[in-house]
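Reviewing the structure listed below.
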Amino acid sequence: MTEIDPSPRTGAAAVLEVADVPTAPAVAAGEAAGGGLLDRSWPWQLASFVLVLGAWEIAGRWPVSLAFPPFSQVMTAMAEMVAAGDFVRAYAVTLPPLVVGVGIVGVLGVVLGIAMGLSRGFEWIGLPLMVVLQTAPIAAIIPLLTYFYGVSATSKIASVILLSAPIVVLNSYRGIRNTNASLLDMCRSFLGTRLQQVTKIMLPHASGMIFAGLRLGISAGFIGVVLAELLISPTGIGDLISYNRSIARYDKMFAAILSILALATVTLSLLQRLENRLFRPDHAVS
Amino acid sequence: MLTLRRLALCAAGLAATSLVAWTEPAAAQRVIRVGQADTLTGQNLPELIAMANTEKRLGVKFNVMALKSDDVVFQAVINNEIDIGIGDAYKGIDTLKAPVRHFFLLRRVAYFPVVNSEFYKTWKDLNGADMAVHARGSATEAMALQMEKANGIKFGQISFVPGSEVRIIAMRRGTMKATLLDLPNTRKLTAEDPKKFIVLPVETQSASDEIFYATTKFIGENKELVQTLSEELLKSLRAVNADPKAPARLRTELGLLKDLPKPLADDITPYFEMAVPGGLFPTDGGGAAAAKADFDFLIAAGRFKGQNSDYKVEDFWDLAPLNAALAKVGKN
Numbered sequence: 001m002t003e004i005d006p007s008p009r010t011g012a013a014a015v016l017e018v019a020d021v022p023t024a025p026a027v028a029a030g031e032a033a034g035g036g037l038l039d040r041s042w043p044w045q046l047a048s049f050v051l052v053l054g055a056w057e058i059a060g061r062w063p064v065s066l067a068f069p070p071f072s073q074v075m076t077a078m079a080e081m082v083a084a085g086d087f088v089r090a091y092a093v094t095l096p097p098l099v100v101g102v103g104i105v106g107v108l109g110v111v112l113g114i115a116m117g118l119s120r121g122f123e124w125i126g127l128p129l130m131v132v133l134q135t136a137p138i139a140a141i142i143p144l145l146t147y148f149y150g151v152s153a154t155s156k157i158a159s160v161i162l163l164s165a166p167i168v169v170l171n172s173y174r175g176i177r178n179t180n181a182s183l184l185d186m187c188r189s190f191l192g193t194r195l196q197q198v199t200k201i202m203l204p205h206a207s208g209m210i211f212a213g214l215r216l217g218i219s220a221g222f223i224g225v226v227l228a229e230l231l232i233s234p235t236g237i238g239d240l241i242s243y244n245r246s247i248a249r250y251d252k253m254f255a256a257i258l259s260i261l262a263l264a265t266v267t268l269s270l271l272q273r274l275e276n277r278l279f280r281p282d283h284a285v286s
Numbered sequence: 001m002l003t004l005r006r007l008a009l010c011a012a013g014l015a016a017t018s019l020v021a022w023t024e025p026a027a028a029q030r031v032i033r034v035g036q037a038d039t040l041t042g043q044n045l046p047e048l049i050a051m052a053n054t055e056k057r058l059g060v061k062f063n064v065m066a067l068k069s070d071d072v073v074f075q076a077v078i079n080n081e082i083d084i085g086i087g088d089a090y091k092g093i094d095t096l097k098a099p100v101r102h103f104f105l106l107r108r109v110a111y112f113p114v115v116n117s118e119f120y121k122t123w124k125d126l127n128g129a130d131m132a133v134h135a136r137g138s139a140t141e142a143m144a145l146q147m148e149k150a151n152g153i154k155f156g157q158i159s160f161v162p163g164s165e166v167r168i169i170a171m172r173r174g175t176m177k178a179t180l181l182d183l184p185n186t187r188k189l190t191a192e193d194p195k196k197f198i199v200l201p202v203e204t205q206s207a208s209d210e211i212f213y214a215t216t217k218f219i220g221e222n223k224e225l226v227q228t229l230s231e232e233l234l235k236s237l238r239a240v241n242a243d244p245k246a247p248a249r250l251r252t253e254l255g256l257l258k259d260l261p262k263p264l265a266d267d268i269t270p271y272f273e274m275a276v277p278g279g280l281f282p283t284d285g286g287g288a289a290a291a292k293a294d295f296d297f298l299i300a301a302g303r304f305k306g307q308n309s310d311y312k313v314e315d316f317w318d319l320a321p322l323n324a325a326l327a328k329v330g331k332n
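Those protein sequence lines, which keep their order, are chains A and B. Residues 1 to 286, numbered by full-length UniProt numbering, are exactly what the first sequence covers, in order. Residues 1 to 332, numbered by full-length UniProt numbering, are exactly what the second sequence covers, in order.
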């Protein structure tokens, strides 16, 4: 059987993939170009941060509202909270359900998505459910989880799964379904078996979308765990937000919100870089 | 030509008259925006009756909005999105030095220690046991801490589960065995299974649960309104205390909460018959005594630091409208 090099791209570009596989120097050049782009863009990125945070500082000092502290006050509160170990304690409670939930979705969600892509039966059973879950107002459903799982960490895990599963499953499903028909025809013309079609064409082809689904699923998981902590049981970072709001320490409340934003942004940026390196070398930035 | 001009003048006059007639009632009736946490039920009738009577006396209109929680109500007050808040603003005033003052105590806290009798029957049994309360720094947590002191015990862990309606689900499922519940949920749970769910004895609670408050600017600019509302609140609460059936009767007479479903409407009188003997509704509007009791409660809850004497009543309450109302209505 002739080796078929899986292409990470779709459409017409995929047809040209044998001739189009970038050589090492080409990749290096691409990375250099990407790096150059980043180099050129960083002042603008910095300017956007300065603009937003500067506007925040001015609005806080105006003040727009007594409940809206300036950015500098929020950073001071954040330093106090870091020194007091508030964030370590909070994230020790918040992150385990997030990791477990994303882990479950990362395995079972991907398997279900692939099964839906390969089998009409699984598609008919799974697709409507996932589409409904994707469009449902999950924030309204999360408090109802207490009927099934009480107020324990299980509810938080369920919340993470509810938010992230549709994205991961549907991305995996679409990754398989969008496999280039020409490549499948080529595999068949070389007398490739169904197993070879799946392992050598479909899965490599879908891997980029599956990984992108996982990255977006983690993003949804962050939303799920914080929603659960705000709506079910105020623990972890949700407790820092709701408690500080209830005692009118808005600087600490914003600091807690900023911390989860920063953590989610850093996590997703790292995953984006990994995704670029693994599946889109032409976009990789060293 | 002359006829046409007359016709045009008549039409213009008619249009102007109609416009004035259309806008005049809206301009005359001033709307006072009131915010409170949770949706309106029969339990809110004492204040709704008072507002309805104030509307009649002053020709204003109260628009009561239900917001998610007390801290959202406070934010809306300081942002001038609502005029009068119902809840409490102690921590906001203390932390932000917000120009906000309380002016009338509507309801005292009423939470009851409900336990699963298969596991606990007395306070001593709860030594080392887990206790679920509303939230960190909440009135229920302060009560749990007071109960530890009063009964010489130490809870194993105080866990935080917001909402009495959520905690009774956990009690039913058996995942929670001891908690503090508000009055309606205490009634609901103990009525479902009186042998399994029992209420442990607790001393009368004197801290405030719901207080009327507003910005100093609003109180200063609306002295007559705030005083009249205080007078009507005094009358309404005294009527409720004298006859727990009064809220249901006045609801019908005044046409309040017309859309209330029948099961909730049927629950009005039983609620007040239980709440009135429990001393939920003060007849003096709170004032300095209530403020002092609240300082003690907030210190016990860890929300205020130091001692009672460190806090001044005038920093948290504007007593002038209440004193004027008491002078007019009588001190009971």
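Backbone N, C-alpha and C fix where the C-beta goes; we use that ideal spot for every residue, glycine too. As the structure is a prediction and not an experimental result, all values here were calculated from the model.
Point to revise | Same chain, Cβ closer than 7 Å to residue 210 of chain B, neighbours up to 5 away in sequence not counted | key: Hits under 7 Å: 86, 87, 106, 107.
Exercise for review: Between the Cα of residue 135 of chain B and those of A:260, A:280, A:270, A:231, spot the shortest distance and give me the residue it belongs to.
Suggested key: Minimum Cα distance to residue 135 of chain B is reached at A:231.
Review point. Where residue 118 of chain B and residue 126 of chain B are concerned, what is the direct C-alpha to C-alpha distance, given to the nearest angstrom?
Key: A direct Cα-to-Cα measurement between residue 118 of chain B and residue 126 of chain B gives close to 12 Å.
Exercise for review: Leaving out five residues on either side along the sequence, give the residues of the same chain with a beta carbon under 6 Å from the beta carbon of residue 130 of chain A.
Suggested key: Same-chain partners within the cutoff: 166, 169, 170.
Exercise for review: Output yes or no for whether 8 Å exceeds the beta carbon distance between residue 65 of chain B and residue 33 of chain B.
Suggested key: Cβ distance < 8 Å, so residue 65 of chain B and residue 33 of chain B count as in contact.
Review point. From this set, B:137, B:44, B:166, B:122, which residue's C-alpha is nearest residue 181 of chain B's C-alpha?
Key: The shortest Cα separation from residue 181 of chain B among B:137, B:44, B:166, B:122 belongs to B:166.
Practice item. Using three-state DSSP, classify residue 25 of chain B as helix, strand or coil. Key: In this prediction, residue 25 of chain B has a pLDDT of 49, which is less than 50 and means its spatial position is unreliable; what the coordinates show is noted afterwards. In this structure, residue 25 of chain B counts as helix in the three-state DSSP scheme.
Practice item. Put residue 102 of chain B into one of helix, strand or coil per three-state DSSP. Key: Correct three-state label for residue 102 of chain B: strand.
Check your understanding: Just reading off the alpha helix (DSSP H) that residue 214 of chain A is part of, what are its end residues?
Key -> Element bounds for residue 214 of chain A: 203-231.
Check your understanding: Going straight from the alpha carbon of residue 56 of chain B to that of residue 223 of chain B, what length do you get?
Key -> Whole-angstrom Cα-Cα distance: 17 Å.
Exercise for review: Return the residues of the UniProt domain "SsuA/THI5-like" (120-245) of chain B that lie within a Cβ-Cβ distance of less than 7 Å from chain A, sorted by chain order.
Suggested key: From the UniProt domain "SsuA/THI5-like" (120-245) of chain B, only 135, 136, 137, 160, 161, 162, 166, 169, 170, 173, 175 have a Cβ closer than 7 Å to chain A.
Review point. What number of angstroms, rounded off, separates the C-alpha of residue 172 of chain B from the C-alpha of residue 277 of chain B?
Key: The straight-line gap from Cα to Cα measures roughly 27 Å.
Point to revise | Entirely enclosed alpha helix (DSSP H) segments - the segment 159-235 of chain B, minimum 4 residues | key: Runs of the alpha helix (DSSP H) inside the segment 159-235 of chain B: 164-173, 183-192, 216-221.
Practice item. Output, in chain order, the set of chain A residues within a Cβ distance shorter than 8 Å of residue 71 of chain B. Key: Near residue 71 of chain B (Cβ distances below 8 Å), the residues of chain A are 245, 246, 248.
Review point. Can you name the residues of chain A whose CB is closer than 8 Å to the CB of residue 78 of chain B?
Key: In chain order: 65, 66, 67.
Review point. Helix, strand or coil for residue 307 of chain B per DSSP?
Key: Three-state result, residue 307 of chain B: coil.
Practice item. Mark residue 26 of chain B as exposed unless 16 or more other C-beta atoms lie within 10 angstroms of its C-beta, in which case mark it buried. Key: In this prediction, residue 26 of chain B scores a pLDDT of 47, lower than 50, which makes its location untrustworthy; the coordinate-derived value is nonetheless stated afterwards. With fewer than 16 other CB atoms across the displayed protein chains lying within 10 angstroms of its CB, residue 26 of chain B is exposed.
Exercise for review: For residue 158 of chain A, I'd like the list of residues in its chain whose CB is within less than 7 Å of its CB, leaving aside the five on either flank, ordered along the chain.
Suggested key: If we look at residue 158 of chain A and ignore the five residues flanking it on each side, its Cβ neighbours are 145, 149.
Practice item. Note down, in chain order, every chain A residue with its Cβ under 7 Å from the Cβ of residue 75 of chain B. Key: Ordered by position in chain A, the residues that pass the 7 Å Cβ test against residue 75 of chain B are 67.
Point to revise | Boundaries of the beta strand (DSSP E) in which residue 62 of chain B is found, first to last residue | key: Here the beta strand (DSSP E) through residue 62 of chain B covers 61-67.
Practice item. Count the other C-beta atoms from every protein chain shown that fall within 10 angstroms of the C-beta of residue 88 of chain A, then say buried if there are 16 or more, exposed otherwise. Key: It is exposed - the Cβ of residue 88 of chain A has fewer than 16 other Cβ atoms within 10 Å.
Check your understanding: Is any beta-carbon of chain B found at less than 8 Å from that of residue 266 of chain A?
Key -> For residue 266 of chain A, the answer is no, since every Cβ of chain B falls outside 8 Å of its Cβ.
Point to revise | Proximity of residue 301 of chain B and residue 148 of chain B at Cβ, strictly below 8 Å | key: Contact: no.
Check your understanding: Would you say residue 91 of chain B reaches chain A, if we count a Cβ-Cβ gap shorter than 8 Å as a contact?
Key -> It does: the Cβ of residue 91 of chain B has a partner Cβ on chain A nearer than 8 Å.
Practice item. Can you pull the chain B residues whose beta carbon is under 8 Å from the beta carbon of residue 159 of chain A, in chain order? Key: Neighbours of residue 159 of chain A on chain B: none; closest Cβ ~14 Å, over 8 Å.
Exercise for review: Report the residue ranges of all alpha helix (DSSP H) runs contained in full by the segment 40-104 of chain A; include only those spanning at least 4 residues, in chain order.
Suggested key: Listed in chain order, the complete alpha helix (DSSP H) runs (minimum 4 residues) inside the segment 40-104 of chain A are 71-84, 86-104.
Check your understanding: Within the 8 Å Cβ cut-off, does residue 86 of chain A reach chain B?
Key -> By this cut-off, residue 86 of chain A is not an interface position.
Check your understanding: Should residue 37 of chain B be flagged as near chain A, meaning a C-beta pair shorter than 8 Å?
Key -> Residue 37 of chain B does not count as touching chain A.
Check your understanding: Who are residue 132 of chain B's beta bridge partners in DSSP?
Key -> The beta-bridge partner set that DSSP reports for residue 132 of chain B consists of B:159, B:179.
Practice item. Pick out the complete alpha helix (DSSP H) segments inside the segment 106-133 of chain A, 4 residues or longer, and give them in chain order. Key: Annotation: the segment 106-133 of chain A contains the following complete segments of the alpha helix (DSSP H) (minimum length 4 residues), in chain order: 110-118.
Check your understanding: Which word fits residue 219 of chain B, buried or exposed, when buried means at least 16 other C-beta atoms lie within 10 angstroms of its C-beta?
Key -> So residue 219 of chain B ends up on the buried side.
Review point. First and last residue of the beta strand (DSSP E) that includes residue 33 of chain B?
Key: Boundaries of the beta strand (DSSP E) around residue 33 of chain B: 31-37.
**Study point:** Where residue 321 of chain B falls, given that 16 or more other Cβ within 10 Å makes a residue buried
**Key:** Under this definition residue 321 of chain B is a buried residue.
Practice item. Can you tell me which of the three DSSP states residue 109 of chain B falls into? Key: In this structure, residue 109 of chain B counts as coil in the three-state DSSP scheme.
**Study point:** Three-state secondary structure (DSSP) of residue 82 of chain B
**Key:** Residue state, collapsed to three classes: coil.
Exercise for review: Answer yes or no: do residue 77 of chain A and residue 251 of chain A have a C-beta to C-beta separation smaller than 8 Å?
Suggested key: For residue 77 of chain A and residue 251 of chain A, yes; Cβs fall inside 8 Å.
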